[in-house]
Structure formats: C-alpha cells, structure tokens
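Top to bottom, those sequences are chains A and B. So our numbering is basically just the index in the first sequence, starting at one, shifted up by 18. So our numbering is basically just the index in the second sequence, starting at one, shifted up by 1. Here a beta-carbon is modelled for each residue, glycine too, at the ideal position from N, C-alpha and C.
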Amino acid sequence: MIALLLLQGSLVLAGAPLFAGVARRLKSRLQYRHGPSVWQPYRDLWKWWSKQAVESDASSPLTAAAPVLVLATMVAAVLMVPLVAVDSPLSGAADLLVIVGLLALARMVLVLLAFDAGSAFGGMGGSREVAISALVEPGLVLALSVAAAAAGSTDLSVISARGQALGPALLSAPMLLAAAAFAIVAVAETGHAPIDNPDTHLELTMIHEGMLLEASGRRLAMLTYAGHLKFVVVVSIFMAVFLPFGAAAPAAVPGLDGAAIDPTPLALLIGVAVAAVKLTVATLAFGLLDAGLAKMRILVLPSLLGLATLLAVTAVAASLWLPS
Amino acid sequence: MNGPGMDVSLTVALGFLALSAAVSLLGPRAGKTALALAALGSVALAVVGGLAAFKEPVALHFGTILGSLSVDLRYDALAAPFLIALGVVGTAASIYAMGHHDGMRSRLDGVAYPAFLASLGLLFGADTAFAFLLAWEAMALSSAALVFGPRPGPTTVRAGYVYLALTHLAAACLVAAFALLGGAAGHADFAAMREAAQALDPAARDVVFLLLLVGFATKAGIVPLHIWLPRAHPEAPSHVSALMSGVMVKAGIFGVLRVVIGILGPGPAWWALAVIVLGAGSAVLGALYALVERDLKRLLAFSTIENVGIIFLGLGVGLLGATVNAPALTTLGLAAALVHTLNHAAFKGLLFLAAGSIQSATGTRDLDKLGGLVRAMPGTALLFGVGAVALAGVPPFSGFAGEWLIFQSLLTAGAATAVDPVIRIACLLAVGALALSVGLALGAIVKASGSAFLALPRSPRAGAALEVGRLERAAAALLAFVTLGAGLFAGPIRALAGAIVEASSRSTGATLGGSAPVLLGSYEPIVVASLLALIVVAAWAIGRWRAAPVRRAPTWACGIAPTAAHEYTATSFDKPARLFFEPILRPVRARRVEFEPGTPFPHRVTYRSNVDHLVESRLYVPLHRASIAFAQVARRLQQGTLQLYVAYTVVALVILLVAARP
C-alpha cells in the first residue's frame, strides 16, 4: 500500500500538468497554430511560483488559505482514486461518495474565494459554477450509483475489481448509458468546451477562470495546479468505474486461499503505462472538444446537463435488467 | 444503578425549568437568572438522554385523568438522540439568550421558553397517546407564544397564524389517528395500541398511516405542508429559531419513528414509497428555495426543509426494510435518519445563533445589505463557517456524515433484490434527488456566507457592525465543537445509532431492526481529516518558503475605484440558478427606469425580482379562495336567532341518534 501511495502520488503530482499541455497543443494544431510546447503548463506554474502575490485590500485571510485548501483537497482525492492499480492507495478510508464530496469541498472554497476580493467577475464565475455544479451533481452521482448498485459497493476499489473480473461483459447497456452520462458531466467538472473554456480571456464568459481572476503568484500556481490534478481525479474515477482494464490487480498468494498481497512490480509497471495511455486518450478527447466545439450559451447548459441526468436515469432503469 | 439515575435527572430537569419560569415572573431583571436555570435544565435533559441511550428504559407514572387518560413516561433508547439534541441545543440557546437583547422580551417569554423546552422533553418520553398529545400541544402553543412575542408586527402576526393553523391541522390528524388506534385498543397506552394496531384491518391501517403521516410531516416541515416553517422560524428570536429548526421539527421525525414505525409497524410498500417521495421532494425544493432566498434566516429555514426531507429518505428506507423484512436495511435507514437528525440539530442550531448575531450586529437579515463582516466579527465568521461546511455536506464535516449514510441506505435499498423493482428505481432516483439537493444546498450556504462575511459591506450598517458579546459567541462555539466532533467521530456515532435502533426495536417488541447495519462502502472521517490536515500543513509550509511578501492593492475595477456597488450581490449570485430552474421558480422581475425630464439620462432605476412559491400559488391560494367561498355560503346558516340554533342542535341530535343506533 505504501509503495502504491508513493508511486501513484508522485507520478500524478509530477505528471498532471503535462496533460493540460498536451490538450492545449492539440487544440492549437487543430486550429493551424504552432502553439506552445506541451511543457508550457510547467513553465507557467514556475513563473507564477516565482512571482510576488498581490491581494485585494478588501480580501480576508481566506484569500491566503483557499489555495492551500483547494490544493490539499485535490491531492487527497488523487490518493483516494484507483488509477495505477485496482486498489486505490487509501482504499478502505474513502468511497466514491467521499471523493465526490471532496470535489464539492474544493468547489465551496473556490467559490468563497471568488467572493473575497469584491470583484464582480469573481461573483459571476462563482454563481455560474454553483448553478452548473448543482445540475451536474445528480447525473454524476446517478451514473456512479448504477455501477455501485451493480457491484454492491460504493468503494471504487471493489467496483474496479469487479469490472476487471467481468471483462468486456462489464460494458452492458446500462453501464454504457451511465458512462455516457458521466462523460458529459466530466466535461463540466473539468471545465472544458462546450461548457467552459479553459483558455478563455474574456471575463464575461469565464466560469472556472473567473474565480481565479484575483489570485496571483504562488496562490495562482496552487489553484491552477489543483485544476490539473482535478482532471486526473475525474478521469481516474471514470476509468476505475467504466474501464478498469489494465490496472494492476492484487496478486493472489498461492496456498493462502483468497488472500491477496500488493500487486507485483511488473503489474504495477503495466498499470502505470496503461494509466498513462488512458489519461492521454482522455486528454486528446477533451482537446478535440475544445478545438471542435464552441462554448454553449449558459442558458442552454441545463439541456446538456439534463441530458446527462436523463441518460443516468435511463441507466438506472435499465440496470434492473442486469443479472444480479 | 439502573433506574434511579434517569428519573432523578428528569426531575432535576423539570425542576430547573419550572424554577426558570417562576423566576422570570419576578420581572425583566431576573431574565438572566431564569435563562441560566433553563440552561441547567437543558443540561439535565441531555443527561436523561445520555442515560436513556445506555440503560434500560424506566417507566414513570404521572397521573390519571378520567380513568383511561393516564400520563405515563418511558425514556427508552429511541428517545436518547432526541433528548441529547434537545439538551445540547437547549443549553446553547439558553446561554445565547443570556447575552442577547432579545433573549427575554417579556414575562410571557419567560414562561413560554422553559415550557417549550419541558414540553419537548416530555414529548420524547411519552408512553401514552394522552401524554403524547398533551406534550405535543404544549410544544405547539409555547413555541407559538415565542413566535408572536410581546409586540408582534403584521408580518409576525401572519406568520404566527399560519403556524397555528397548520400546527393544529397536524394535531387534529394525530388526535384522529390516536382515536382510531385507541378505540381499537380500548386503552391509550402505546403498548396496548401496538398490539391492537396489528389486528386492525388493512384499510383502517392505511387511514391511520395517512393521518399520522400528515400530522408528523406538517410538524417536520415536509413539502407541501411546510409553508409555516419559512414564515415562523425567522420571526422568532434567533435562539428560539435554533430550537425550532434544530429540535422541534425533529418532533415530526420522532413521531414517525415512535408511532408509525414503533406502534403501527410495517405496512405495504407504498407507505415507504410515499415517505421516500415526500422526502425527495422536500429535499430538492427546500434546497432550491434556500438557494434563491435573500433573507438569511428564511434561507436557513428552507435548508431545514431540505434536511428534514433528507431524514425522511432514511425513514422511508427504514419502513421499506420493515416491509420486505430485511432487518439490516431497516437498521441502516433508521440509523442514517437518527445520525442526520443529531448532526442537523447541532449545525442548524449553530447557524441560527450565528445568524442572530449578524442580525443584532447589523440590524438586517437581508443578504443584499450585508458584506465584509469577517473583519468586524471574525469570531462569528469562523463559527458560521463551521456550520456552513457542515450544511454544505462536504467531508470531513458532520452534514456529509449524515448524508453519506442516507446515500448508503438508498443505494442498499436500490441494490436489494428482495425489494420490488419499481421501488428500487424510486430509491435510486432518490439518490439523484439527494445529490441535486446537496449541490443546491452547497450553493445556498456559499451564497449566504460569501455575501454576509466577505468583500466590502453593502450598507452603512453592515460597515459599522461590531462583534457580539462573549456569551453569544460561547454558545455558538459549544455547538461548533459538537458539530466538528460529530463530523470527525462519525464512525462511532453511526455504530451507536445502529445500536439505538436495535435496542429500541427490542424494547418495544416491534418487528423490525435487530441486525447490525451493513454498509456498502467505507468512510473513515478521521483518516480523511488527518490526511487533509497533513497536506494543508505541507502545502502551507511550501507556499511560505522563500515567498515574496504579499502586496495589498485595491481590486481592479476597470480603472475606477472599487466600491460595494461593483460586487455581486446575493440576488445576482443566484440568478443563473433562477434561470436554470425557471419552470419551478417562475421568477418575476420588474424594472422601472425614470428619466430626467427632457433628457435621455435615467436618474432612477428600480429593480425588483421575486420567485413564485409554486406550492403556495397552486395549492394554498386556491384552497384559501375555496374556503372563503364556502364560508360565504355557510354564513347563511348564521341567522342570529336562538330558535334556529336550538333547531340545528335538535336536528344534529336526531341524526346522531339514528346514525349511532345499536
């Protein structure tokens, strides 16, 4: 478990910004631009890290505390999702509802931060974030509930292990519907087109970036980095629930009936490679969305997110047909 | 040492409360002493609750009226969580009142307040229908007296009358239900009723169930019977609001547990379905109205409706488990309901006390006129923040612990093969409704805390606010500690709640519970909290390491000096939600621009926006019109002549004699 903790933790913490770089690069290429290097997110983070922070004289100590809290929440979530292995590094301490709750905690702190400087843009971003995430929540939780009810557990490790054992049979109709619902809400959660624009420069259209508008220096670096980590967390949940294949399974001990030990180093190595591939594919998908779709008008978002909820509801009804 | 502890502490509690009422009659200067005595009485009530949780129940006989109407009390394990909630919130509320100018407004308050506490304490121990109804009515009247206060304004009077009307609708339903049960039993004590209830024919049981459901759902503030709650709670002084929202609405929950589940027992599956549907509807609508509300205390009251709805989801799963004879499911659902009941009592009490502090510091509850209070009132801000994270339902805080258990129970019911498929779908859809309501509630409390405490003050009075006194902060701090503890020690608390459900089903001989709850997933709040704390400390240290000092500068407002007018107000904050949920909320906006005569320059813009409360405009307004129309017709019977009234009486007598002939 400790080995897995260190492995998954260090790899995700080191690699998360890279995916943002890849997505941005893909987007620029598709727009016939050369675009920045895939390492640009690291350079941005380093640049902000070295700069002095400026805060509003209307702000409270929350402005200093919020980036640390948001980052800590995301790091904790990274350690609670199964990514490299079927087991999450902290399985047994938190199930998928706790991880969804941690994402909500980060959002709560972020929206409060958006209030703190007294700028209208922060409030605008925060108000949209709150309304959109309220619509995201039912689709997200229902989609995961389909899998949880089928697996008889809300622990991601158990869901993931069952999925791996089932093989392709996991992808039954209800699970596919749930996966589609989750994919839509994942776009909203990670702030990609057509719901939000991660590279936006126009305050009036900002959602996530609007809340970071008053942050600077190391605080901005922490918040942006937390955003990179959130992408990995959301994709990891999707992969653990709907595509757990390739993740390192606990090795069964011969002789000891049913007892399991940590995965073998080889399995872990394969797990790391498979996780990298999965994250890259997801990154490319989001990059395609960013390049190919315009941001939707905010007032039509309820139809898109309602579609996710409807898909999840259909998945719930269809799951009764699953053999139990 | 099994018995004596409990009756002694109950006597001590009632003694303190009676003394408090007596002392308060001495006049306004004795107010603080009276409230201190009420605080002591509350502590003693909490002790009774603690003893009830761990000891065998004790029966106490108070007296008999008219032969069969006896007042018997029996504090068993089921009463324990409710008594503890009452004791803890009561203690904090009394201490708060000692420091608050509205703490004791008149002698009426001085009598009504301890009577309110005592009636709740007696209600949770009632063992006969008569005792239950007596305590129920005393609770309703004493709280109504506290809502009205000595000099009620027109809003308060309206709120008070709506409250009285609905609370009596509830009482009438309960009297009818108990009459049906007692009539079958021939006796009004709960044990006899329990036996008789099993022998009733199914149709009669359905009628009793519906009567009880309407009665208890009204008191709990379940939509569509909730309309009194957002009116009455904000009008009461804040410490009374804390008790009403934290404890009194839980009397409805207690009633469902004690009477519906404990006496009437399991019924057909549609009973459970009805409770789940009511719960899901209340959770979503309560949270939605909380999100678009700009009066701070009304916002908290709507959030109470949401949380009571969430508790109802747990009760529904408990009933469902009893129906399909799955004891583990019953225990899980009821334990989840108990845990959320306790947690909500503490954090909602805390938030109402903190909201009262805001109101007394600024003179307003309008979120659009607040702002920047964190600088003037850092203590209150911190305490409100503790309540806010609990209400928002985020780990590792207490609101999440309860909601997590409700999620678990709904998912368990949704995955249970013994359950009818339609009801399984309903349970899973309730998971979605719960998720939606949790998301909306997070938005509501973020809006409240952000617009009250952060950024620049939006009115001169908010700018001139001063921190409230020590007693008020200490009272809120007590509840803040309980809230934080309940979040961290959610594991032992849920085990205890499971044990309480088992113990109470054993002691009442009810046919449910009796098996430890099985959880679908794991949640160890201590691990999560320490992990978070560890990373926070590490990230903080790294962030401080060789960092350049922070520079403070005005917020960029496109080149002009930023003022409070640039800020997002609470009303602007919930605009996206108002638009997203337009079919339900039906927002109305009225904008009027007056121009400088002869110029194109506006000199005055007024803007008003409002949301429609669908239940009121579609259900209560037509009902109100219909009853007025009926009264117009019925008044023709009133001719004012004595002979006619005698004739009516004779006709009624004859009809009764014929109808009830042997």
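Span of the alpha helix (DSSP H) around N611(B): Your numbering for residue 611(B) matches position 610 in the second sequence. Where N611(B) is concerned, there is no enclosing alpha helix (DSSP H), although the beta strand (DSSP E) it sits in stretches over P603 to N611.
Outcome for D75(A) when other beta-carbon atoms lying within 10 angstroms are tallied against a minimum of 16: Residue mapping note: residue 75(A) aligns to position 57 of the first sequence, counting from 1. Burial call: exposed.
Cβ neighbours of A179(A) in the same chain (closer than 6 Å, five flanking residues each side left out): As a working mapping, residue 179(A) is identified with position 161 in the first sequence. Excluding positions up to five away in sequence, the list reads V104.
Any C-beta of chain A under 8 Å from that of L15(B): Here residue 15(B) refers to the residue found at position 14 of the second sequence. Not an interface residue.
Of the listed residues Y290(B), E196(B) and A416(B), nearest to K576(B) (C-alpha basis): Taking the first residue of the second sequence as position 1, residue 576(B) is located at position 575. Taking only the C-alpha atoms, the option nearest K576(B) is Y290(B).
H210(A) burial status per 10 Å Cβ neighbour count (16 or more: buried): As a first step, residue 210(A) is located in the first sequence; it is residue number 192 there, counting from the start. Per the 10 Å Cβ criterion, buried.
Residue environment, S21(B), which counts as buried when at least 16 other CB atoms sit within 10 Å: Position 20 of the second sequence, counted from the start, is the residue given in the question as residue 21(B). Under this definition S21(B) is a buried residue.
is_contact[T172(A), chain B] using C-beta, thresh 8 Å: To locate residue 172(A), count along the first sequence from 1; it is residue 154. By this cut-off, T172(A) is an interface position.
C-alpha gap between G6(B) and L52(B), whole angstroms: One-based indexing of the second sequence puts residue 6(B) at position 5. One-based indexing of the second sequence puts residue 52(B) at position 51. Cα-Cα distance, rounded: 7 Å.
E207(A) (DSSP reduced to helix, strand or coil): On the first sequence, residue 207(A) is found 189 positions in, with the first residue counted as 1. Three-state result, E207(A): helix.
Minimum Cβ-Cβ distance from V86(A) to chain B less than 8 Å: Counted from its first residue, the first sequence places residue 86(A) at position 68. Interface residue, yes.
Alpha-carbon spacing of H240(B) relative to T157(B), whole angstroms: If you number the second sequence from 1, residue 240(B) lands on position 239. If you number the second sequence from 1, residue 157(B) lands on position 156. Rounded to the nearest angstrom, the two C-alpha atoms are 16 Å apart.
Whole-angstrom distance between M224(A) and L260(B), CA atom to CA atom: Walking along the second sequence from the start, residue 260(B) turns up at place 259. Walking along the first sequence from the start, residue 224(A) turns up at place 206. Note on residue identity: the sequence assigns Val, not Leu, to residue 260(B). Cα-Cα distance, rounded: 53 Å.
Residue of E473(B), A198(B) and A453(B) minimising C-alpha distance to T572(B): Numbered from 1 along the second sequence, position 571 holds the residue referred to as residue 572(B). It is A453(B) whose Cα lies nearest to the Cα of T572(B).
Those runs of the beta strand (DSSP E) which lie wholly inside the region 228-316 of chain B and span at least 3 residues: none
Proximity test, Cβ basis, 8 Å: F401(B) and chain A: Residue mapping note: residue 401(B) aligns to position 400 of the second sequence, counting from 1. Answer yes: the Cβ-Cβ gap between F401(B) and chain A drops below 8 Å somewhere.
Closer than 9 Å at the beta carbon, the chain B residues around Q70(A): As a working note, residue 70(A) is residue 52 in the first sequence. Within chain B, the residues near Q70(A) are A548, A549, P550, V551 and R552.
Alpha carbon of L31(A) to alpha carbon of G282(B), nearest angstrom: On the first sequence, residue 31(A) is found 13 positions in, with the first residue counted as 1. On the second sequence, residue 282(B) is found 281 positions in, with the first residue counted as 1. Their backbone Cα atoms lie some 42 Å apart in a straight line.
Short CB-CB distance (under 8 Å) between L325(A) and chain B: Stepping through the first sequence from its first residue, residue 325(A) is reached at position 307. Not closer than 8 Å to any Cβ of chain B, the Cβ of L325(A) fails to qualify, so no.
Element boundaries [alpha helix (DSSP H), containing S573(B)]: By 1-based counting over the second sequence, the position of residue 573(B) is 572. Where S573(B) is concerned, the enclosing alpha helix (DSSP H) stretches over A571 to F574.
Simplified DSSP assignment, three categories, for T298(A): Here residue 298(A) refers to the residue found at position 280 when the first sequence is read from its first residue. In the structure shown, T298(A) sits in a helix (DSSP, three-state: H, G or I).
Neighbour list for R236(A) in chain B, Cβ cutoff strictly below 7 Å: Indexing the first sequence from 1 puts residue 236(A) at position 218. Neighbours of R236(A) on chain B, chain order: G544 and A548.
Pick from G27(A), S337(A), P320(A) and A132(A) that is closest to L153(A), judged by C-alpha positions: Stepping through the first sequence from its first residue, residue 153(A) is reached at position 135. Comparing Cα-Cα distances from L153(A) to each of G27(A), S337(A), P320(A) and A132(A), the minimum goes to P320(A).
Proximal chain B residues relative to D75(A), where beta-carbon distance stays under 7 Å: Residue 75(A) sits at position 57 when you count from the first residue of the first sequence. Here the neighbours are R553, A554 and P555.
Under 7 Å by beta carbon: chain B residues contacting L138(A): Residue numbering aside, residue 138(A) sits at position 120 when the first sequence is read from its first letter. Residue 138(A) is actually Ala in this sequence, not Leu. Under the 7 Å cutoff, chain B gives H567, E568 and Y569.
Residue burial classification, Y569(B) (beta-carbon count within 10 angstroms, cutoff 16): Working through the second sequence from its first residue, we reach residue 569(B) at position 568. Label assigned to Y569(B): buried.
D202(B), buried or exposed, once every other Cβ within 10 Å from all chains shown has been counted against 16: Counted from its first residue, the second sequence places residue 202(B) at position 201. So D202(B) ends up on the exposed side.
Under 7 Å by beta carbon: chain B residues contacting E155(A): Reading the first sequence from its first residue, position 137 is the one you call residue 155(A). Ordered by position in chain B, the residues that pass the 7 Å Cβ test against E155(A) are A436, L437, V439 and G440.
Straight-line Cα distance separating G184(B) from R206(B): By 1-based counting over the second sequence, the position of residue 206(B) is 205. By 1-based counting over the second sequence, the position of residue 184(B) is 183. Going from the Cα of R206(B) to the Cα of G184(B) covers about 13 Å.
Length of the line joining the Cα atoms of S10(A) and L80(A): With chain A covering 19 to 342 only, the question about residue 10(A) has no answer from this structure.
Between the CA atoms of S304(B) and G357(B) - distance to the nearest angstrom: For the purposes of this step, residue 357(B) is taken as residue 356 along the second sequence, with counting starting at 1. For the purposes of this step, residue 304(B) is taken as residue 303 along the second sequence, with counting starting at 1. One C-alpha to the other measures close to 16 Å.
DSSP state of H188(B) mapped onto helix, strand, coil: On the second sequence, residue 188(B) is found 187 positions in, with the first residue counted as 1. Reduced to three states, the DSSP call for H188(B) is coil.
Where S628(B) falls, given that 16 or more other Cβ within 10 Å makes a residue buried: Position 627 of the second sequence, counted from the first residue, corresponds to residue 628(B). By the 10 Å Cβ count, S628(B) comes out exposed.
Entirely enclosed alpha helix (DSSP H) segments - the region 412-449 of chain B, minimum 4 residues: none
Nearest-angstrom Cα separation, counted from A189(B) out to L15(B): Indexing the second sequence from 1 puts residue 15(B) at position 14. Indexing the second sequence from 1 puts residue 189(B) at position 188. Spanning the two alpha carbons is a distance of roughly 24 Å.
Continuous beta strand (DSSP E) assignments of at least 3 residues falling wholly in the region 613-637 of chain B: none
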